[in-house]
DNA sequence: ATAAATATGTAGCGAGTGCTACATGGGCTT
DNA sequence: AAGCCCATGTAGCACTCGCTACATATTTAT
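Chains as they are written, first to last, in our numbering: chain A, 1 to 183; chain B, 1001 to 1183.
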């Protein structure tokens, strides 16, 4: 008989995008082996086979997500720099409100929580994603900014603080804080 | 025979402190009925009896924790105000580094994550805790501050941004951001 | 005194968890 | 052709999960 199932030969690399997609949509809470396997078109048996155990799988998927994060960042915004810090912050906050960014944002807080609690793999992913965002932010600073390096760190702090406040229903508080600071 | 077990008459009010204590120590991840019941000196059966279901229990415990949050805030710092915004921020960040605050901080990010994902009870608790912190922060602003209301919102944004960056291993980034901003 | 309401213990159900044992197919090397 | 290794399917184990059925003791109301 002919080879009907052309030896799928599933590998980590083929699985990671689907796993990342599922986790972005459903969060870490629903990230158990059987649903993940179903979403990736395989079985829990094979996930363990490829990744060794669940902890390693999560670590790998989070690293993968951190890896594609900067691509999403770039895709979401034009190339021209902002003219002022105020405009820079406004743009990024606006981007954070876009629907396409929501899965990242919602997952982000779970990564922060896991990192704060010391869960393996979370801290590395979170640190990397913040490093990416920081680098990217430096490239987005106004060309005439007197201190783009320090300024990027300052704006990053404010942006993340604003996002956290928004996440717990204090978007207004964050907005008023920005106004009071001149940003 | 005499009444050996003096009719315990467990009530929500008696259970909440122990439940809150356990959750502060072990986080939401370990907050399943049987361990919670054991920590509170009762049974999973009785937790459901008193709270109806787990979701309501979590909601109630988070509300209780939010309720005692401001007391912890006050207890952790003296009464005299800061002289400058810079000193105000430095004090609060120092307080956040104290061991006694760690359970709150670690739990805090789980509340933010739950709030961002829309889990019932988390948003209300998070919003309330932030409101408490904001009010308290207003009382801690320098007496001669030109805009204590807006300034408190600005400082709150920066403080929370700094704490988040620290949680993912970017404490240095946050510190450099503060320096660049003059705070 | 009787009945109703409250409070609690025991046991278990059905579903889901991470993970493993065992078998087996198909492609590879020798 | 023979043997070996990689990839995968099937079945299941021991455990935890939230929650419930049932019985029962104790207190309160009539």
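Note that beta-carbon positions come from the ideal geometry of N, C-alpha and C, so glycine has one too.
Asked	Found
Residue-level contact to chain A via CB, residue 1160/B, 9 Å cutoff	yes
Assigned secondary structure, residue 30/A (DSSP; H/G/I helix, E/B strand, else coil)	coil
Three-state class that DSSP yields for residue 143/A in the structure shown	coil
Test: residue 149/A CB closer than 9 Å to a CB of chain B	yes
Min CB distance residue 5/A to chain B below 9 Å	No answer about residue 5/A holds up, because its pLDDT of 41 lies below 50 and its placement is not dependable.
Contiguous alpha helix (DSSP H) assignments of at least 4 residues, all confined to the stretch 111-175 of chain A	122-140, 148-167
Residue closest to residue 1100/B, alpha-carbon to alpha-carbon, out of 1062/B, 1182/B, 1168/B, 1021/B	1021/B
Inter-stretch contact (C-beta, 8 Å, three-pair minimum) for the stretch 1170-1182 of chain B and the stretch 1106-1121 of chain B	no
Simplified DSSP state of residue 1045/B, which is helix, strand or coil	helix
Cβ neighbour criterion (16 or more within 10 Å) applied to residue 1080/B	exposed
Cβ of residue 1055/B within 9 Å of any chain A Cβ	no
Residue 101/A (DSSP reduced to helix, strand or coil)	helix
The stretch 1109-1131 of chain B: positions lying closer than 7 Å to chain A by Cβ	1109, 1110, 1112, 1113, 1115, 1116, 1117, 1123, 1126, 1127, 1130
Extent of the continuous alpha helix (DSSP H) run through residue 56/A	54-75
Three-state secondary structure assigned by DSSP to residue 16/A	helix
Burial state of residue 183/A, where buried means 16 or more other Cβ atoms lie within 10 Å	buried
DSSP three-state assignment for residue 5/A, whether helix, strand or coil	Its pLDDT being 41, under 50, residue 5/A is placed unreliably by the model, and the measurement read from it follows with that caveat. Coil.
Residue 1082/B: first and last residue of the uninterrupted alpha helix (DSSP H) it sits in	Here residue 1082/B belongs to no alpha helix (DSSP H), and DSSP marks it neither H nor E.
Supposed close pair residue 61/A, residue 104/A - CB separation, criterion 8 Å	Actually they are not in contact, since the Cβ atoms of residue 61/A and residue 104/A sit about 14 Å apart, beyond 8 Å.
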